[in-house]
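**Student:** One structure coming up, written as structure tokens, with questions to follow.
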Amino acid sequence: MQSFLQNIVNALQWGSFYALIAIGYSMVYGVLMLFNFAHGDVFMVGAYIGFFVSSGLLALAGTGAIALPPGVMLGLVLVLTIIISMFLNSLVGMLVERIGYRPLRGAPRASAAITGLMIGIILETGNLAIFGAQRLSFPALIESTTFQFLGVSITNKKILIVFVSILLTLALHQFIRRTKWGMAMRAMAFDFVVVPLMGISINKIALLTFAIGSALAAAAGILFGVAYPVLDPYMGILFGWKAFVAAILGGRGSILGAMLAGFLMAFIEIFSVMIFPSTMRDLIVFSVILIILTFRPHGFFGEPYSAQMRL
Amino acid sequence: MGIQTETVTPTKTGLREALKRFWKPYSRIPLLGWLVGALAAVLLELIVGNQFGRLLGMSKAPALLGLVIIMKSPLLIPSALAYVLVIYLLPVGIIARVGTSLANRAAAFLYQANTGLSAIIHLALFYAVLHLWSNLSDYRLLVVKLTLIAIIITLSLNVVNGYMGEFSCSHPGFLALGAYTASIFTIVLFVNENRFGDALLPPALGPFLFPIGLILGGIFAAVGALLVAIPSFRTRGDYLAIISLAFMFIVLSLFNNLEFVGGPRGLSNQPDYANLPTVFIWTVLAVWIINNFVRSTIGKALNAVRDGELAASTMTVDTRRTKMTAFLFSAFWAGIAGGLFAHIIRYINPGTFGIRKLAEVLAMVYLGGLNSVAGSIVGAVGFNLMGEALRPLEILKWIIIPVILILLMIFRPTGLIAFTELDPIALLKPKAMTNEGGDHVAA
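Protein chains in written order, with the working numbering: chain A, 168 to 478; chain B, 18 to 460.
Here you go:
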């Protein structure tokens with residue numbers, strides 16, 4: 168029972184990463200009907216940006232220019248790191264859209280998938296070429312405290328990660344539901360042939376979509392760095408593919424669907440490791456997904472769409 | 018033809034026109050003439066290649082048409098160019114040009130006598146060229162073999178991704194299934210080693226039974242493809258892409274967990290059965306059969322399913338059978354290619370068939386062009402040569418190749434040669450002998 172509860176807590180934490188990345192996939196897929204295969208590597212770039220921003224901020228704090236109690240200082244650094252990195256990474260995402268996807272509007276979708284894959288490889292290799300093969304270790308931004316609750320140990324990091332990811336998801340959901348920009352995105356997802364005729368620029372909406380997705384990926388990267396402080400250039404690959412599968416499982420363009428599917432993915436992983444040897448994890452996860460998609464081919468919250476509906 | 022364009026656009030008398038006039042006599046050379054010329058060139062290289070290379074300041078004959086040298090030591094580019102000109106271009110050009118009428122007559126004679134015989138003679142000549150060329154270094158041999166296999170892989174993926182219009186990501190999985198099956202077959206039967214014990218059959222039989230192992234690999238891959246083909250009845254497009262991706266991960270994870278094939282450590286000690294003739298024959302078979310397949314009724318049915326499944330089914334196309342056939346056929350050839358690959362490298366592990374492999378295979382297909390056999394061949398050869406040429410750059414190679422592919426996708430979104438049909442018989446035909454003046458022939 169205790170290990171069961173403990174695994175739930177772990178799965179919630181692990182699922183937060185998947186959820187935040189999956190939302191980026193899901194939004195691009197919903198609005199532009201494209202798979203942004205570079206997104207896993209945008210997550211990796213986000214983590215690296217977070218590393219440099221937080222290191223810089225810590226160095227700045229270390230000079231003693233601003234006198235604050237150490238706890239407050241660390242908290243401030245964390246918040247600033249998240250905000251600045253989200254902003255910087257959204258620029259990266261917009262660059263990816265501008266270079267890799269905008270020239271291909273109207274081209275076959277598979278071509279865009281290839282450019283996405285290739286941009287991903289460029290990001291990985293570029294990182295490897297610049298920083299070498301050594302792994303960077305993320306600075307500790309939170310002093311870890313462990314709470315015991317019903318025999319389950321919960322660290323404050325885990326609470327923070329789950330809290331921030333759910334907060335960001337709900338904020339995004341509200342943004343999509345209530346603002347004019349969100350409405351434009353929903354309209355674009357509904358029909359991208361007619362909507363541009365109504366004076367909504369598809370390029371602006373596409374940039375916005377990529378910006379938001381990449382900002383969330385940066386948040387995921389920083390949270391990942393907080394929990395597992397080792398960064399390497401290839402960390403985005405498997406994360407990216409699994410989050411991608413989660414996004415599809417959630418249904419086209421459904422933010423909450425992508426989040427729930429991300430958590431589901433983590434739950435399947437953690438509990439399959441609890442029962443079977445850990446090397447079987449991918450086998451079980453993907454088998455379950457194969458079965459789900461065989462019986463529910465459009466994901467949980469997605470609507471069936473016609474094959475003609477392509478950009 | 019040439020005179021017509023001249024009169025229509027008299028202003029266009031630049032380099033292009035000069036090139037056209039230069040190329041004109043060469044356009045009448047049949048394939049047979051080119052092959053004989055190439056044979057002469059590789060013979061020449063075999064005899065004087067190394068000496069000539071040393072004369073030009075290189076340590077020996079450049080390994081890959083001078084492509085590698087361009088990146089490795091740029092100072093040698095002029096001598097590499099000179100080498101290519103003297104050893105390859107001049108002999109090929111002169112012999113093909115001089116022998117034009119003879120080659121045309123021979124090609125016409127063979128074509129009328131027996132088309133099959135003509136095809137075999139062409140292939141034999143081509144094999145001789147490849148064999149002699151790759152004789153010079155082991156590196157060349159390896160590159161030739163891997164390129165031939167890449168052709169099989171690209172063609173088989175094009176059946177599903179190009180002709181049927183799905184985005185299948187499962188090909189590395191099929192490759193892995195074929196590679197492991199064929200490896201287990203040959204290692205169990207013909208190799209004395211620790212994991213599977215002594216050889217069950219005399220190793221002398223091995224090369225003769227090797228095709229059975231390959232076909233078994235193909236069949237296993239095809240059986241695995243059922244897992245992707247059956248869901249494809251209900252879903253298409255993006256969701257099928259995910260299913261095929263999941264399939265690939267499942268296969269890799271399976272081999273990672275199967276201890277008797279070495280798990281993540283992989284499987285080695287495959288016997289050296291995949292020599293050049295074997296690989297060449299399998300590649301020719303694959304090109305021939307796949308080309309016939311896509312030009313047959315069922316190939317047209319594939320296109321019909323791609324362009325409109327509902328419309329196709331009202332036109333009496335059995336869409337389920339068509340999809341099933343395409344997936345199994347494609348997976349079968351991928352399995353064969355995997356088996357050959359395992360016996361060339363002679364070591365496989367699950368990591369060989371990962372996401373990187375998927376990106377490579379997809380890149381080859383979309384580089385060459387969808388729905389086109391010629392495109393697949395061009396894509397596979399081009400991608401492999403590009404990869405070898407950029408190898409000296411080490412890590413930067415994986416920045417330059419993606420950049421090239423992105424530019425290609427932006428400027429030619431469907432690939433180099435897309436949506437064409439390849440008629441092998443037309444290749445064997447002699448080129449029409451125009452009158453010797455050659456200018457006033459109606460098209």
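Where a beta carbon is used, it is the ideal one built from N, C-alpha and C, also for glycine.
Here the structure is a predicted model, which is why all the values come from computation and not from measurement.
If you drop the 5 nearest sequence neighbours on each side, which residues of the same chain put their C-beta closer than 7 Å to that of Phe391 (chain A)?
**Tutor:** Once the five neighbours on either side are set aside, the close Cβ partners of Phe391 (chain A) are Phe184, Ala214.
**Student:** Mind checking Ala199 (chain B): buried by the 16 CB within 10 Å criterion, or exposed?
**Tutor:** Buried: at least 16 other Cβ atoms inside 10 Å.
**Student:** Over the uninterrupted alpha helix (DSSP H) stretch that includes Ser200 (chain B), give me the two end residues.
**Tutor:** Taken as a continuous stretch (DSSP letters only), the alpha helix (DSSP H) holding Ser200 (chain B) covers 188 to 207.
**Student:** For Asn174 (chain A), which residues from the same chain have a beta carbon less than 8 Å from its beta carbon, with the 5 sequence-adjacent residues on both sides left out?
**Tutor:** Excluding residues within five positions, the ones whose Cβ falls inside 8 Å are Ile437, Phe438, Met441.
**Student:** Which value, in whole angstroms, describes the spacing of the CA atoms of Met355 (chain A) and Asn370 (chain A)?
**Tutor:** Looking at the two C-alpha atoms, the distance is approximately 11 Å.
**Student:** Gly50 (chain B) to Glu183 (chain B), Cα distance in whole Å?
**Tutor:** About 40 Å.
**Student:** Note down, in chain order, every chain B residue with its Cβ under 8 Å from the Cβ of Asp208 (chain A).
**Tutor:** Those within 8 Å of Asp208 (chain A) in chain B number zero; the least Cβ separation is about 11 Å.
**Student:** Checking contacts by CB at 8 Å: is Arg282 (chain B) closer than that to chain A?
**Tutor:** Answer no: the Cβ-Cβ gap between Arg282 (chain B) and chain A never drops below 8 Å.
**Student:** Please state whether DSSP places Glu210 (chain B) in a helix, a strand or coil.
**Tutor:** Reduced to three states, the DSSP call for Glu210 (chain B) is strand.
**Student:** Can you check which of these residues, A:Met352, A:Ala205, A:Phe357, A:Val331, is closest to Ile250 (chain A) by C-alpha distance?
**Tutor:** Of the listed residues, the one whose Cα sits closest to Ile250 (chain A) is A:Val331.
**Student:** Cβ closer than 9 Å: which chain B residues qualify as neighbours of Phe453 (chain A)?
**Tutor:** Chain B residues near Phe453 (chain A): Leu262, Ala263, Phe264, Met265, Phe266, Ile267, Ser270.
**Student:** Quick one, which residues of the region 306 to 339 of chain B are near chain A if we go by CB-CB under 7 Å, in chain order?
**Tutor:** Answer in chain order: no residues at all.
**Student:** When we look at the beta-carbon of Met365 (chain A) and count the other beta-carbons within 10 Å, is it buried (16 or more) or exposed?
**Tutor:** With fewer than 16 Cβ atoms within 10 Å of its Cβ, Met365 (chain A) is classed as exposed.
**Student:** Would you kindly check if the distance between the Cβ of Ala394 (chain A) and the Cβ of Gly287 (chain A) is under 8 Å?
**Tutor:** Cβ distance not < 8 Å, so Gly287 (chain A) and Ala394 (chain A) don't count as in contact.
**Student:** In chain order, what residues of the region 421 to 440 of chain A put their CB closer than 9 Å to some CB of chain B?
**Tutor:** Those residues of the region 421 to 440 of chain A that come within reach of chain B (Cβ to Cβ, closer than 9 Å) do not exist; the list is empty.
**Student:** Look at the alpha carbon of Pro4 (chain B) and the alpha carbon of Ala178 (chain A), and state the distance between them as a whole number of angstroms.
**Tutor:** An answer regarding residue 4 (chain B) cannot be provided, because it is not within the stretch 18 to 460 covered by chain B.
**Student:** Mapping DSSP to helix, strand and coil, what is Phe468 (chain A)?
**Tutor:** Coil at Phe468 (chain A), not helix or strand.
**Student:** Might you give, ordered along the chain, the residues of its own chain that have their beta carbon closer than 6 Å to the beta carbon of Phe171 (chain A), omitting 5 neighbours on each side?
**Tutor:** Hits under 6 Å: none found.
**Student:** Quick check: is the beta carbon of Pro419 (chain B) nearer than 8 Å to any beta carbon in chain A?
**Tutor:** Yes, Pro419 (chain B) counts as interfacial toward chain A.
**Student:** Taking 7 Å as the limit between beta carbons, can you name the residues of its chain near Leu127 (chain B), skipping five residues before and five after?
**Tutor:** Leu134, Ser135, Ile138.
**Student:** Report all residues from its chain with a CB closer than 8 Å to the CB of Arg337 (chain B); omit the five preceding and five following residues, and keep chain order.
**Tutor:** Excluding sequence neighbours, Arg337 (chain B) sits near Phe250.
**Student:** Whose Cβ in chain B lies nearer than 9 Å to the Cβ of His465 (chain A)?
**Tutor:** Residues of chain B passing the Cβ test: Thr252, Tyr256.
**Student:** Shortest alpha-carbon distance to Asp440 (chain B) belongs to which of B:Ile412, B:Ile423, B:Ile418, B:Ala391?
**Tutor:** Answer by Cα proximity: B:Ala391.
**Student:** Counting only beta-carbon separations shorter than 8 Å, does Met194 (chain A) have a partner in chain B?
**Tutor:** It does not; no Cβ of chain B falls within 8 Å.
**Student:** Secondary structure at Ser193 (chain A), three-state DSSP: helix, strand or coil?
**Tutor:** Of the three classes helix, strand and coil, the one that applies to Ser193 (chain A) here is helix, per DSSP.
**Student:** If contact means a Cβ-Cβ distance below 8 Å, which residues of the region 135 to 169 of chain B contact chain A?
**Tutor:** Correct list: empty, as no residue qualifies.
**Student:** For Met18 (chain B), does the three-state DSSP call read helix, strand or coil?
**Tutor:** Only weak support exists for where Met18 (chain B) lies, its pLDDT of 40 falling under 50; the value from the coordinates is given anyway. Met18 (chain B) falls in the coil class under three-state DSSP.
**Student:** Can a CB atom of chain B be found closer than 8 Å to the CB of Asp449 (chain A)?
**Tutor:** Chain B contact via Cβ: present.
**Student:** Looking only at its own chain, which residues have a Cβ that is under 8 Å from the Cβ of Ile422 (chain A), when we skip the five neighbours before and after it?
**Tutor:** Here the set comprises Ile190, Ser193, Met194, Thr336, Leu339, His340, Ile343.
**Student:** Cβ of Gly356 (chain B) within 8 Å of Cβ of Leu231 (chain B)?
**Tutor:** Yes, they are a contact pair.
**Student:** When the Cα atoms are used, what is the spatial distance from Val382 (chain B) to Phe346 (chain B)?
**Tutor:** Answer to the nearest angstrom: the Cα atoms are 17 Å apart.
**Student:** Using CA atoms only, rank isn't needed, just tell me which of A:Phe434, A:Ser368, A:Gly299, A:Gly420 is closest to Glu411 (chain B).
**Tutor:** Comparing Cα-Cα distances from Glu411 (chain B) to each of A:Phe434, A:Ser368, A:Gly299, A:Gly420, the minimum goes to A:Gly299.
**Student:** So with Cβ pairs under 8 Å, would you call Thr282 (chain A) a contact of chain D?
**Tutor:** In the structure shown, chain D does not exist; the protein chains are A and B.
**Student:** Can you list the residues of chain B that Ile122 (chain A) reaches, using a CB-CB cut of under 9 Å?
**Tutor:** This structure cannot settle anything about residue 122 (chain A), because the visible part of chain A is limited to 168 through 478.
**Student:** Please give the ranges of any beta strand (DSSP E) in the region 356 to 428 of chain A, keeping only runs that are unbroken, at least 3 residues long and fully inside the region.
**Tutor:** Fully enclosed beta strand (DSSP E) runs of 3 or longer: not present.
**Student:** Using a Cβ-Cβ cut-off of 7 Å (strictly less than) and excluding sequence neighbours within five positions of Pro464 (chain A), which residues of its own chain qualify?
**Tutor:** Counting only Cβ-Cβ distances below 7 Å, and skipping sequence neighbours, we find nothing.
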